[in-house]
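Asker: Respectively, the protein sequence lines represent chains G and V. Note that numbering that gives the first Met the number 0 has the first sequence beginning at 0, numbered continuously upward. Note that numbering that gives the first Met the number 0 has the second sequence beginning at 0, numbered continuously upward. Here a beta-carbon is modelled for each residue, glycine too, at the ideal position from N, C-alpha and C.
There are 2 protein chains.
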Amino acid sequence: MGLRETKMERTRQLLADTAFELFTANGFAATTMEQIAAAAEVGPRTLYRYYATKEALLLTFVEQRLDEALEVFRAQPEDVPVPRALHELIDYVLRTVAESGDRIIAVYELAWRTPSARAQLNDKTMRWRGELATEIARRMGGRSAELAATLASANTMTVIEVSVRTWVESGGRSNMRRITHRALELLRGSGVPVATP
Amino acid sequence: MGLRETKMERTRQLLADTAFELFTANGFAATTMEQIAAAAEVGPRTLYRYYATKEALLLTFVEQRLDEALEVFRAQPEDVPVPRALHELIDYVLRTVAESGDRIIAVYELAWRTPSARAQLNDKTMRWRGELATEIARRMGGRSAELAATLASANTMTVIEVSVRTWVESGGRSNMRRITHRALELLRGSGVPVATP
DNA sequence: CGAGAAAGTGGCAGCCACTGCCACGTGACC
DNA sequence: GGTCACGTGGCAGTGGCTGCCACTTTCTCG
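#1: Which residues in chain G sit within 7 Å of Gly82/V, going by Cβ to Cβ distance?
#2: Check this for me: beta carbons of Val92/V and Ile103/V, under 7 Å apart or not?
#3: Chain V beta carbons: is any one of them nearer than 7 Å to that of Asn121/G?
#4: Ignore the nearest five residues each way along the sequence and tell me which others in Leu115/G's own chain have a CB closer than 7 Å to its CB.
#5: If you run the structure through DSSP and keep just helix, strand and coil, what is Asp122/V?
#6: So, does the CB of His180/G fall closer than 7 Å to a CB anywhere in chain V?
#7: Kindly list the residues whose CB is nearer than 8 Å to the CB of Thr23/G, restricted to its own chain and excluding five residues on each side of it in sequence; keep chain order.
#8: May I ask you to report which of helix, strand or coil DSSP gives Phe22/G?
#9: Using 8 Å as the Cβ pair cut-off and three pairs as the minimum, do the segment 117-124 of chain V and the segment 52-66 of chain V touch?
#10: In whole angstroms, give me the CA-to-CA distance for Thr30/G and Gly190/V.
#11: Can a CB atom of chain G be found closer than 7 Å to the CB of Met7/V?
#12: May I ask you to report which of helix, strand or coil DSSP gives Pro196/G?
#13: According to the neighbour-count rule (16 or more other Cβ atoms, all chains shown, within 10 Å of its Cβ), is Arg195/V buried or exposed?
#14: Three or more C-beta pairs under 8 Å: does that hold for the segment 136-150 of chain V against the segment 130-138 of chain G?
#15: Between Thr179/G and Arg3/V, what straight-line distance do the alpha-carbon atoms span, to the nearest angstrom?
#16: Within 7 Å of any Cβ in chain V, is that where the Cβ of Thr10/G sits?
#17: Taking DSSP as the reference, what is the three-state secondary structure of Gly129/G?
#18: My guess is that Leu185/G and Leu186/V are in contact by the Cβ rule of under 8 Å, so how many angstroms apart are they, rounded?
#19: At 4 residues or longer, what runs of the alpha helix (DSSP H) sit wholly inside the segment 18-100 of chain G?
#20: Which residues in chain G have a C-beta closer than 8 Å to the C-beta of Thr157/V? List them in chain order.
#21: Quick check: what's the CA-CA separation for Val80/V versus His86/V?
#22: Ile104/V touches chain G at which residues, Cβ-Cβ below 7 Å?
#23: Compare the C-beta of Met175/G with all C-beta atoms of chain V and state if any pair is closer than 7 Å.
#24: Considering Ser152/G, what are the terminal residues of the alpha helix (DSSP H) in which it resides?
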């Protein structure tokens, strides 16, 4: 990696961290892009080259964790069965979320309070779910697996979502894994009602 | 309903319709709020009182259909079992989507192409899913039902989403219900992989 | 190693979504 | 029919975001 790339990576990180501090201190809406740029000692125009929107600046942290989790899934050997690989994925997410602690909580709370940020978070979530679905489909093999894969990834995402949400709402004090286990049991057994004519 | 309310309702509809025509004719980004206001013969300030954001102007059509569907679910007698009520809900959505035809297709295609609109659509979808979940939980009774209800509503929404998406992508020519049936069969049987340690 | 190519930075002008404020006019209610 | 409430719309202003262009820094290749 050249000097150029290294510097840019550092700037990128610095911008996100600076923004995060200003957001938590003054609120998302009350913080202007100009302020963030000034605090990080770059021109506003440069800030926009790193992060296309203000929301991206807040959500990049969550996005990185999500992408890592997908990478963990992809890294599973091909002979690992899908349910096992999914478990590994969920496990990774819960672990990193717990480790990130306060920052995750702060980001989520800011995002949920801010319509535009929440919308972009949901959008990222949905896209991520789609990527996971194609990955599951590939492992399951065959065209006809696409539908099952979509449903599987939706379930997985919902399990993660509900676990993280209750955890964040408890301020990081509740046991995230208890919810996850109960949810997975419901899905494995027939505890979830399905539309029937 | 007084004259005042009637007029406002008409204006509200007129604004959405006018906006829709301009969006399809010139594209979402290329249409300004000022243009919409002018075409509908109201002041820009008034337009903003009816629709807080430009995206809302595009998505109000979808949102109305979604709200109606939720109303259909709520209208089911209390003794109707949840799976049956869910089926009624899905059925209503598929029916109205098919009836709305071109307009639904146009709205979806515009929204998917436009990051901000797609994000707000996803956000609305997620919120709607939450409302459905609390409604299901209420019918299932008991606090412990909340988790199962969340998973059930997520499944329901996914089934709807995937059906509508493939339908829209085929330009309204494919059979929406075939996908729906296959998805529900997968969910009823154990065709969907679930995370297992 | 040095010159030219390639790529990142930042300032300026400008568009447009969106808001607060206030004056005006139109339906509502007694 | 008067007054009161409320919807309308104009104006000024903020701030997110972009295109353009000149400047600087890093890379690359002879």
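Answerer: Here's the rundown:
#1: Start at 1 with the first residue of the second sequence, and residue 82/V comes out as number 83. Correcting the residue type first, residue 82/V is Pro in the shown sequence and not Gly. Per Cβ cutoff of 7 Å: Pro192, Val193, Ala194 and Thr195.
#2: Taking the first residue of the second sequence as 1, we reach residue 92/V at position 93. Taking the first residue of the second sequence as 1, we reach residue 103/V at position 104. It is not a contact, given that the beta carbons lie outside the stated cut-off.
#3: In the first sequence, residue 121/G corresponds to position 122, counting from 1. Output row for Asn121/G: interface = yes.
#4: Reading the first sequence from its first residue, position 116 is the one you call residue 115/G. Going by the sequence as given, residue 115/G is Ser instead of Leu. Excluding residues within five positions, the ones whose Cβ falls inside 7 Å are Glu54.
#5: Mapped onto the second sequence, residue 122/V falls at position 123. Here Asp122/V sits in helix by DSSP.
#6: Here residue 180/G corresponds to residue number 181 of the first sequence, with the count starting at 1. Cβ-Cβ to chain V under 7 Å: no for His180/G.
#7: The sequence position of residue 23/G within the first sequence is 24, counting from 1. Cβ neighbours of Thr23/G beyond the five flanking positions: Ala105 and Leu109.
#8: For the purposes of this step, residue 22/G is taken as residue 23 along the first sequence, with counting starting at 1. Three-state result, Phe22/G: helix.
#9: yes
#10: Locating residue 30/G in the first sequence gives position 31, counting from the first residue. Locating residue 190/V in the second sequence gives position 191, counting from the first residue. If you take the alpha carbons of Thr30/G and Gly190/V, they lie about 48 Å apart.
#11: Here residue 7/V refers to the residue found at position 8 of the second sequence. Using beta-carbon distances, Met7/V does not count as an interface residue toward chain G, since no partner is under 7 Å.
#12: Residue 196/G sits at position 197 when you count from the first residue of the first sequence. Of the three classes helix, strand and coil, the one that applies to Pro196/G here is coil, per DSSP.
#13: Counted from its first residue, the second sequence places residue 195/V at position 196. For the sequence presented, residue 195/V should be read as Thr rather than Arg. Exposed, by the Cβ-count rule.
#14: Contact annotation: the segment 136-150 of chain V does not touch the segment 130-138 of chain G, with fewer than three C-beta pairs closer than 8 Å.
#15: Working through the first sequence from its first residue, we reach residue 179/G at position 180. Working through the second sequence from its first residue, we reach residue 3/V at position 4. Computed Cα separation, rounded: 52 Å.
#16: As a working mapping, residue 10/G is identified with position 11 in the first sequence. It does not; no Cβ of chain V falls within 7 Å.
#17: Taking the first sequence and counting its residues from 1, the one referred to as residue 129/G is at position 130. Helix at Gly129/G.
#18: Here the question's residue 185/G lines up with position 186 in the first sequence. Here the question's residue 186/V lines up with position 187 in the second sequence. Actually they are not in contact, since the Cβ atoms of Leu185/G and Leu186/V sit about 13 Å apart, beyond 8 Å.
#19: 32-38, 43-49, 53-74 and 81-99
#20: Translated into the one-based positions of the second sequence, residue 157/V becomes position 158. What Thr157/V touches in chain G: Thr149, Leu150 and Ala153.
#21: Numbered from its first residue, the second sequence carries residue 80/V at position 81. Numbered from its first residue, the second sequence carries residue 86/V at position 87. The identity of residue 80/V in the sequence shown is Pro, whereas the question assumes Val. Going by the C-alpha atoms only, they are around 10 Å apart.
#22: Reading the second sequence from its first residue, position 105 is the one you call residue 104/V. Near Ile104/V there are no residues of chain G at all, since even the closest Cβ is about 19 Å away, more than 7 Å.
#23: To locate residue 175/G, count along the first sequence from 1; it is residue 176. Not one chain V Cβ lies under 7 Å of Met175/G.
#24: Taking the first residue of the first sequence as 1, we reach residue 152/G at position 153. Looking at the DSSP string, the run of the alpha helix (DSSP H) that includes Ser152/G is Ala144 to Glu168.
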